[in-house]
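Those protein sequence lines, which keep their order, are chains A and B.
Residues in the first sequence are numbered from 121 upward in steps of one, following this note's numbering.
Residues in the second sequence are numbered from 121 upward in steps of one, following this note's numbering.
Each residue gets a CB set at the ideal place from its N, CA and C atoms; glycine is no exception.
Predicted model only: the values in this text are computed from it and were never measured.
2 protein chains.
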Amino acid sequence: MTSPAPHPLDTVFAALADPTRRAILTMLLEDDMAVTDVAHPFAMSLAAISKHLAVLADAGLITQEKRGRVKWCKLEPDALRAASVWMQGFGQFDPVDLDAFERFLASELPEDSEI
Amino acid sequence: MTSPAPHPLDTVFAALADPTRRAILTMLLEDDMAVTDVAHPFAMSLAAISKHLAVLADAGLITQEKRGRVKWCKLEPDALRAASVWMQGFGQFDPVDLDAFERFLASELPEDSEI
DNA sequence: GGGATCGTCAACCGGTTGGTTGAATATGCG
DNA sequence: CGCATATTCAACCAACCGGTTGACGATCCC
């Protein structure tokens with residue numbers, strides 16, 4: 121609370137700078153997930169994933185709703201809008217190049233065996 | 121050199137996560153600049169700006185060409201393409217909303233700048 | 001109640017980041 | 001040459017990051 125509140129783009133870009141967090145976002149593109157299920161494909165502790173999810177939530181990229189004892193994670197793609205707009209200012213980047221996206225998606229998803 | 125070479129998106133997003141570096145990119149949108157001139161509007165040492173420029177260059181977001189004793193910094197907006205494509209995969213974000221960009225530009229430029 | 005599951009908290013650790021200073025290296029110029 | 005300008009290098013520092021482990025509070029279910 122005492123910190124001078126960083127620019128929203130700071131937290132969004134910082135959240136996106138980690139491959140684990142980008143992979144999580146990609147997974148959530150499919151469907152909402154519980155924390156434990158998010159953690160499953162990764163070779164790291166549940167606590168680590170919990171922290172990553174907190175970072176994503178702080179950036180507004182996901183929301184977490186606790187239902188019963190399981191906490192559901194939901195993608196909030198609108199949080200990317202400001203960042204996307206900022207980048208668009210530097211040029212028009214193939215607004216809808218889904219082929220390229222599929223390639224990135226494939227290269228970013230955890231391989232289940234190892235990340 | 122021993123590090124396992126991070127994903128390109130890691131370095132690009134990490135570079136964008138700092139407001140000083142985003143401001144530098146915005147300045148370079150206007151024109152190529154020398155390191156000293158880049159540093160001028162900021163309230164920090166030249167060495168600090170030099171480091172920021174190294175981060176941007178490492179991410180491929182700028183190139184630096186030394187001509188005489190002055191090193192010119194040039195924006196390389198193509199480096200944003202992969203990041204932009206990645207984000208577009210989460211939704212179409214107003215591909216060309218330049219009004220919004222102008223607002224962000226105004227809010228991101230260093231205060232005393234008349235660049 | 002009691003045990004298993006879900007998730008976070010707290011403390012710790014090594015590595016990185018963003019900044020500082022002061023010295024060093026080029027280069028241009030009178 | 002000798003000095004000013006342009007930029008980086010090196011060492012240092014506090015703060016942050018990404019990860020671990022172990023203990024803990026909730027919640028479900030028998």
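Length of the line joining the Cα atoms of residue i and residue j
i, j, result
"GLU196/A", "ASP178/A", "12 Å"
"THR140/B", "VAL132/A", "15 Å"
"ALA167/B", "MET207/B", "33 Å"
"ALA174/B", "VAL190/B", "15 Å"
"MET147/B", "HIS172/B", "14 Å"
"ASP152/A", "ARG187/B", "53 Å"
"ARG201/A", "GLY209/B", "12 Å"
"PRO244/B", "VAL205/B", "The requested residue 244/B is not part of the displayed model; chain B covers only 121 to 235."
"THR183/B", "ASP157/A", "42 Å"
"GLY211/A", "ALA199/B", "11 Å"
"TRP192/A", "HIS127/B", "28 Å"
"LEU176/B", "ALA163/B", "19 Å"
"GLU185/B", "GLU185/A", "51 Å"
"LYS194/A", "SER165/B", "42 Å"
Proximity test, Cβ basis, 7 Å: residue i and chain B
i, result
"PHE133/A", "yes"
"SER204/A", "yes"
"ALA125/A", "no"
"ASP130/A", "yes"
"LEU200/A", "yes"
"GLY180/A", "no"
"GLN184/A", "no"
Local conformation of residue i per DSSP, three classes
i, result
"MET153/A", "strand"
"LEU195/B", "strand"
"ARG189/A", "coil"
"ALA137/A", "coil"
CB of residue i within 7 Å of CB of residue j, strictly
i, j, result
"ILE169/A", "ALA154/A", "no"
"ALA135/A", "LEU181/A", "yes"
"ALA137/B", "ALA137/A", "yes"
"ALA203/B", "LEU149/B", "no"
Residue i Cβ short of 6 Å to the ligand HEM heavy atom set
i, result
"GLU185/A", "The ligand HEM is absent from the structure shown, which contains no ligands of any kind."
Residue i at chain A interface by Cβ criterion, 7 Å
i, result
"GLY188/B", "no"
| query | Taking Cβ-Cβ distances below 9 Å as the criterion, which residues of the region 136 to 167 of chain B are in contact with chain A? | reply | Taken in chain order, the members of the region 136 to 167 of chain B whose beta-carbon sits within less than 9 Å of a beta-carbon on chain A are LEU136, ALA137, ASP138, PRO139, ARG142, LEU145, THR146, LEU149.
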